[in-house]
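Everything on this sheet refers to the single structure shown next.
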Amino acid sequence: MEAIGSSPNQQAQPVSMMFAGMIQHQNNARLQNELLIEAVRVRRYAHQVSRLSGMYFFTDLAEARAAEAWGGHFRAENLAELAVRPLGHTTRVDSNWITYAPRDSTGRLDKQDLSWIDRYWGGEWYRERPVWETIVHGRATVLGIRLRQRGYLIIVKQFPAALDMLEVARLAAEVDADLGQATAFIRRTTVDRYRLDYFLDMREAEDPQILERLATYRGPRNFRD
Numbered sequence: 000m001e002a003i004g005s006s007p008n009q010q011a012q013p014v015s016m017m018f019a020g021m022i023q024h025q026n027n028a029r030l031q032n033e034l035l036i037e038a039v040r041v042r043r044y045a046h047q048v049s050r051l052s053g054m055y056f057f058t059d060l061a062e063a064r065a066a067e068a069w070g071g072h073f074r075a076e077n078l079a080e081l082a083v084r085p086l087g088h089t090t091r092v093d094s095n096w097i098t099y100a101p102r103d104s105t106g107r108l109d110k111q112d113l114s115w116i117d118r119y120w121g122g123e124w125y126r127e128r129p130v131w132e133t134i135v136h137g138r139a140t141v142l143g144i145r146l147r148q149r150g151y152l153i154i155v156k157q158f159p160a161a162l163d164m165l166e167v168a169r170l171a172a173e174v175d176a177d178l179g180q181a182t183a184f185i186r187r188t189t190v191d192r193y194r195l196d197y198f199l200d201m202r203e204a205e206d207p208q209i210l211e212r213l214a215t216y217r218g219p220r221n222f223r224d
């Protein structure tokens, strides 16, 4: 991970942590599926927020519970209430189109009929019980402390040297700043190769207004670490 004082290489594009995780874990089947879905969005639904760069939310608890059937990290203990502040247009689509999309034995989408992708991006229901997911660009704050504490303990165990930066980023979020946020960027290095990097946003590290807001913040601080 690198710290940046300005934008990374201009050819680099920010991607969602979901997409970065697919690349990092070399989940090739899912990666190929997402690229097919994205290609349709780019061609015919450019106004919709990309699955590759946006954040995903459920606006209804029942829909979030329904997503537990997907397995993986969609578990009850990972559910959290969030305060979301979108920037610009938001996309609301029925995730069931992807859940029940025909796949081959390797988990890749059946390319014989991808017409359902248009219906997904068009916001249509999949049958009678949609599971709506909202995709946005913007900022989200985890409410409550249960999930925050779990994240903190993971960092204590795996990245203890990063605790000071974690506290800076946490306090920055409390004063409506982006200082210390981690973002994944992907860029093409050759015709057929890409590089994934994680950057810490340090552009506000010398902003006097941000520093003043941090200095006058009266909420709890982690002095122990």
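Residue 106 in numbering that gives the first Met the number 0 sits at position 107 of the sequence shown; the count goes up by one each step and never skips. Just so it is clear, CB atoms sit at the ideal spot from N, CA and C, and this is done for glycine as well. All figures in this text were calculated on a predicted structure; none of them were measured in a lab.
Enumerate in chain order the residues of its own chain whose CB-to-CB distance from residue i is below 6 Å, with the five nearest sequence positions on each side excluded.
| i | result |
| --- | --- |
| tyrosine 119 | Val92 and Trp96 |
| tyrosine 44 | Trp120 |
| serine 94 | Val130 and Glu132 |
Tell me whether residue i is buried or exposed, calling it buried when 16 or more other Cβ atoms sit within 10 Å of its Cβ.
| i | result |
| --- | --- |
| phenylalanine 222 | exposed |
| valine 155 | exposed |
| tyrosine 125 | buried |
| asparagine 8 | With a pLDDT of 48 at asparagine 8, under the threshold of 50, the predicted position of this residue should be treated as unreliable, and no value is reported. |
Which residues does DSSP list as the beta-bridge partners of residue i?
| i | result |
| --- | --- |
| alanine 183 | Val14 and Tyr197 |
| phenylalanine 73 | Note: phenylalanine 73 sits in no beta bridge, so no partner. |
| tyrosine 55 | Ile134 |
| alanine 82 | Thr140 |
With a threshold of 7 Å on Cβ separation, who are the neighbours of residue i within its own chain once the five nearest residues in sequence on each side are excluded?
| i | result |
| --- | --- |
| leucine 195 | Ala19, Ile22, Gln23, Ala183 and Ile185 |
Whole angstroms is fine: what's the gap from residue i's alpha carbon to residue j's?
| i | j | result |
| --- | --- | --- |
| valine 130 | glutamate 80 | 17 Å |
| threonine 90 | alanine 161 | 34 Å |
| threonine 215 | glutamate 203 | 16 Å |
| asparagine 32 | glycine 143 | 34 Å |
| alanine 238 | aspartate 112 | One cannot answer for residue 238 here, as it falls past the ends of the chain, which runs 0 to 224. |
| alanine 75 | alanine 65 | 10 Å |
| leucine 170 | aspartate 191 | 40 Å |
| glutamate 166 | threonine 58 | 29 Å |
| phenylalanine 73 | tyrosine 197 | 24 Å |
| histidine 46 | alanine 61 | 28 Å |
| isoleucine 153 | leucine 146 | 11 Å |
| serine 114 | tryptophan 69 | 23 Å |
| glutamate 67 | proline 207 | 44 Å |
Just to confirm, are residue i and residue j a CB contact at a threshold of 8 Å?
| i | j | result |
| --- | --- | --- |
| isoleucine 134 | valine 41 | no |
| alanine 28 | arginine 107 | yes |
| alanine 172 | threonine 140 | yes |
| arginine 84 | arginine 138 | yes |
| aspartate 103 | valine 39 | no |
| glycine 220 | glutamine 10 | In the sequence on display, residue 220 carries arginine and not glycine. No; because the gap between Cβ atoms is not below 8 Å, this pair is not in contact. |
Report all residues from its chain with a CB closer than 8 Å to the CB of residue i; omit the five preceding and five following residues, and keep chain order.
| i | result |
| --- | --- |
| serine 52 | Gln12, Pro13, Val14, Ser15, Phe18 and His136 |
| methionine 164 | Gly179 and Leu199 |
| isoleucine 209 | Ala171, Val174, Ala176, Leu178 and Glu203 |
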